[in-house]
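Down below is the structure, laid out as structure tokens.
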Amino acid sequence: MTLVMKFGGTSVGSAQAIRETAELILNAKKEWGSVVVVASAMGTKPIKVTDLLLEGATSALSGDAETYKHTANQLRQIHYETIDALLTPEGERQIVLAENNLFITRFETLCKAVLVLGELTPRALDTVGGMGEQMSVRILAAYLRQLGHKAEAIDATELIVTNSLFQNASPIFEQTVPKTQARLQPLLDDDCIPVVTGFIAANEAGITTTLGRGGSDFSGAILGQCLNAQEVWIWTDVDGVMTADPRIVQNAKSIPVLSYREVSELAFYGANVLHPKTMRPCVENNIPLRIKNTFNPSHPGTVIVPDNGSMNGGAKAVTAIKKLSLITVEGKGMLGIPGIAARTFGAVAKANVSVLLISQASSEQSICFATPENSSDTVIKGLEAEFEEEIKRQDIDRVWAIHDVSIVTIVGAGMRGTPGISGALFTALGNHHVNIIAIAQGSSECSISLVIDGKETAEAVNHIHEVIVA
Ligand code: ASP
Ligand code: MG
Numbered sequence: 031m032t033l034v035m036k037f038g039g040t041s042v043g044s045a046q047a048i049r050e051t052a053e054l055i056l057n058a059k060k061e062w063g064s065v066v067v068v069a070s071a072m073g074t075k076p077i078k079v080t081d082l083l084l085e086g087a088t089s090a091l092s093g094d095a096e097t098y099k100h101t102a103n104q105l106r107q108i109h110y111e112t113i114d115a116l117l118t119p120e121g122e123r124q125i126v127l128a129e130n131n132l133f134i135t136r137f138e139t140l141c142k143a144v145l146v147l148g149e150l151t152p153r154a155l156d157t158v159g160g161m162g163e164q165m166s167v168r169i170l171a172a173y174l175r176q177l178g179h180k181a182e183a184i185d186a187t188e189l190i191v192t193n194s195l196f197q198n199a200s201p202i203f204e205q206t207v208p209k210t211q212a213r214l215q216p217l218l219d220d221d222c223i224p225v226v227t228g229f230i231a232a233n234e235a236g237i238t239t240t241l242g243r244g245g246s247d248f249s250g251a252i253l254g255q256c257l258n259a260q261e262v263w264i265w266t267d268v269d270g271v272m273t274a275d276p277r278i279v280q281n282a283k284s285i286p287v288l289s290y291r292e293v294s295e296l297a298f299y300g301a302n303v304l305h306p307k308t309m310r311p312c313v314e315n316n317i318p319l320r321i322k323n324t325f326n327p328s329h330p331g332t333v334i335v336p337d338n339g340s341m342n343g344g345a346k347a348v349t350a351i352k353k354l355s356l357i358t359v360e361g362k363g364m365l366g367i368p369g370i371a372a373r374t375f376g377a378v379a380k381a382n383v384s385v386l387l388i389s390q391a392s393s394e395q396s397i398c399f400a401t402p403e404n405s406s407d408t409v410i411k412g413l414e415a416e417f418e419e420e421i422k423r424q425d426i427d428r429v430w431a432i433h434d435v436s437i438v439t440i441v442g443a444g445m446r447g448t449p450g451i452s453g454a455l456f457t458a459l460g461n462h463h464v465n466i467i468a469i470a471q472g473s474s475e476c477s478i479s480l481v482i483d484g485k486e487t488a489e490a491v492n493h494i495h496e497v498i499v500a
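With this note's numbering applied, the sequence shown has no gaps in its numbers, which climb one by one up to 500 at the end.
Okay, structure coming up:
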């Protein structure tokens with residue numbers, strides 16, 4: 031029986047956290063026989079090592095010769111403090127310190143190169159950004175060895191083969207599966223615990239790529255598929271998936287069971303629970319996924335199960351994505367002309383920007399859609415180029431954007447066939463004078479999304495949450 035357990039940044043964020051994590055690993059090992067560990071970079075709130083690494087490199091790009099040096103010191107402090115507290119001097123302390131130092135020195139060298147060249151490619155960002163995981167797994171594996179168990183730190187660059195879409199690479203399973211099995215199965219057979227870096231992978235040429243921010247969850251699921259694991263557990267710092275972000279909604283609660291579809295929808299709409307791609311390897315291979323709290327391990331957390339069609343319970347959770355723009359393509363000449371929508375989204379795709387919500391009124395005089403605010407300029411320019419002729423002819427009057435909007439999404443498979451839910455939501459918002467700019471409902475009826483002014487996000491989420499838990 032093989033269990034894959036992924037630990038997030040806070041679960042390896044301090045010496046104490048690592049001790050507790052090790053205990054969870056060893057308990058699971060007793061029960062399951064084979065355990066594969068996937069770990070994120072260290073994260074102590076509010077500092078995340080991955081952020082530090084990426085910000086350090088970005089600051090160098092802007093010509094700042096000081097910040098990255100300061101960052102390197104911070105990185106040393108965080109990692110050394112943890113190593114000193116965990117590993118004994120007569121054991122592996124010096125070795126692991128030296129290994130970690132090597133990464134931090136490499137980080138400084140890369141930042142210096144960025145500073146001098148004035149160039150920071152996505153490829154370089156992946157090399158820099160993935161170092162946090164390379165450091166944390168070395169600490170955790172050494173600590174497990176110190177406790178008398180076989181454990182080996184492994185860079186996922188040895189296991190997961192991806193395309194070359196740096197910063198958001200996708201695995202090529204035909205190569206990943208045999209490579210992972212060949213490397214990890216002998217370790218498992220030897221009773222050893224592989225401690226694998228989350229987040230990173232390598233392209234076919236062996237160059238480091240990353241699976242996107244928050245991608246360690248996805249790493250766990252990928253390894254689960256490769257090893258035919260019985261379950262994949264995502265250990266985090268909350269009691270599973272919550273009805274709302276507890277930082278915004280005080281009485282947010284843990285949701286015991288969710289379907290794959292509900293979780294995908296939640297993740298897509300910004301709930302920071304699971305990396306959105308995590309689900310797919312699990313769904314396709316029928317592997318149950320559990321989300322549990324390292325700091326409250328006896329809490330059952332949330333189990334994510336296949337969609338069984340008998341979901342009830344109406345709306346289950348509310349979530350929000352901020353910092354979006356709502357872009358509108360508008361014109362009286364659009365009426366009945368086929369192909370405008372296709373060309374609109376073709377232009378957005380060409381700009382490599384993803385669309386989070388689309389809405390078109392039946393008058394066909396406008397199409398609007400939401401994209402991240404920081405890509406709205408690129409998108410508008412792309413659209414103006416695509417529709418140059420139509421704009422000249424005034425078939426399209428304008429392409430414009432409302433900035434600083436949020437999408438608030440209510441998720442629950444049980445909303446299907448439960449009339450009155452949207453009514454209750456709109457009433458709740460209307461009563462509190464929250465203006466709704468646009469609305470979209472997926473045909474799955476598993477979610478309803480509302481676009482509102484970004485400044486009203488917290489208020490809207492709270493009022494909707496009251497309807498959900500009522
Ligand atoms: N460390 C990476 C990040 O912060 C991956 C992860 O934690 O899942 O995005
Ligand atoms: Mg995460």
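Built from N, CA and C at the ideal position, the CB exists for glycine as well.
Note that this is a predicted model, so its numbers are computed, not measured.
What's the call for residue i, buried or exposed, on a 16-neighbour Cβ count within 10 Å?
| i | result |
| --- | --- |
| Thr-151 | exposed |
| Arg-49 | exposed |
| Ser-384 | exposed |
| Arg-423 | exposed |
| Pro-336 | exposed |
| Arg-29 | The chain is shown from 31 up to 500; residue 29 falls before or after that span and cannot be answered. |
| Pro-201 | buried |
| Leu-365 | exposed |
| Gln-255 | buried |
| Ile-294 | This sequence places Ser at residue 294; Ile is not what is there. It counts as buried. |
Sort out for me which residues DSSP pairs residue i with in a bridge.
| i | result |
| --- | --- |
| Arg-428 | Glu-360 |
| Asn-323 | Thr-266 |
| Met-35 | Val-67, Trp-263 |
| Lys-78 | Gly-73 |
| Asn-480 | The identity of residue 480 in the sequence shown is Leu, whereas the question assumes Asn. Val-438, Ile-469, per the DSSP bridge assignment. |
| Ala-390 | Going by the sequence as given, residue 390 is Gln instead of Ala. For Gln-390, which the question treats as bridged, DSSP gives the partners Ile-397. |
| Thr-349 | Thr-439 |
| Ile-370 | Paired residue(s): none; Ile-370 is not in a bridge. |
| Ala-181 | Ile-223 |
| Val-499 | Paired residue(s): none; Val-499 is not in a bridge. |
| Val-333 | Val-287, Arg-320 |
| Ser-355 | Thr-401 |
If you drop the 5 nearest sequence neighbours on each side, which residues of the same chain put their C-beta closer than 8 Å to that of residue i?
| i | result |
| --- | --- |
| Ile-259 | Looking at the sequence provided, one finds Ala at residue 259 rather than Ile. Excluding sequence neighbours, Ala-259 sits near Thr-32, Leu-33, Val-34, Val-66, Leu-253, Ile-317. |
| Leu-91 | Val-144, Leu-145, Gly-148, Glu-149, Leu-150 |
| Ile-77 | Gln-104, Ile-108 |
| Glu-489 | His-462, Val-464 |
| Leu-84 | Leu-155, Val-158, Gly-159 |
| Leu-56 | Leu-174, Leu-177, His-179 |
If I measure Cβ to Cβ from residue i and keep anything under 6 Å in the same chain, skipping five residues before and after, which residues do I get?
| i | result |
| --- | --- |
| Ser-479 | Leu-387, Ile-437, Thr-439, Ala-470 |
| Phe-248 | Leu-241, His-305, Lys-307, Thr-308 |
| Leu-319 | Val-262, Cys-312, Ile-334 |
| Thr-101 | Leu-82, Gly-86 |
| Trp-430 | Thr-358 |
| Glu-416 | Arg-373, Ala-377 |
| Thr-408 | Ala-381 |
| Ser-396 | Thr-358, Glu-360 |
With C-beta atoms as the reference, is residue i less than 8 Å away from residue j?
| i | j | result |
| --- | --- | --- |
| Thr-332 | Ser-289 | no |
| Asp-502 | Gly-363 | Coverage of the chain is limited to positions 31 through 500, which leaves residue 502 absent and any answer about it impossible. |
| Gly-344 | Gly-444 | yes |
| Val-348 | Ala-274 | yes |
| Ser-166 | Ala-69 | yes |
| Gly-38 | Thr-266 | yes |
| Thr-112 | Ile-169 | yes |
| Thr-239 | Ala-199 | yes |
| Val-279 | Val-491 | yes |
| Leu-117 | Ala-183 | no |
| Ile-237 | Gly-250 | no |
Residues in its own chain within less than 7 Å of residue i by CB, not counting five upstream and five downstream?
| i | result |
| --- | --- |
| Lys-380 | Gly-412 |
| Asp-269 | Ser-284, Asn-323, Asn-326, His-329, Gly-331 |
| Gly-121 | Gln-176 |
| Ile-223 | Ile-55, Lys-59, Val-65, Val-67, Leu-174, His-179, Lys-180, Ala-181 |
| Gln-164 | Phe-133, Asp-185, Thr-227 |
| Cys-141 | Gly-86, Ala-87, Ala-90, Tyr-98 |
| Gly-162 | Ala-71, Met-72, Val-79, Thr-80, Leu-83 |
| Lys-352 | Ser-436, Gly-484, Thr-487 |
The ligand MN and residue i: does the residue's C-beta get closer than 7 Å to at least one heavy atom of that ligand?
| i | result |
| --- | --- |
| Phe-229 | In terms of ligand content, the structure shown lacks the ligand MN and carries the ligand ASP and the ligand MG instead. |
Does chain B have any CB closer than 8 Å to the CB of residue i?
| i | result |
| --- | --- |
| Val-66 | Looking at the structure shown, chain B is missing, and only one protein chain is on hand. |
Continuous beta strand (DSSP E) assignments of at least 3 residues falling wholly in the stretch 186 to 272: 223 to 227, 230 to 233, 238 to 240, 261 to 266
Secondary structure, alpha helix (DSSP H): runs of 4+ residues fully inside the stretch 93 to 163: 97 to 116, 123 to 147, 152 to 159
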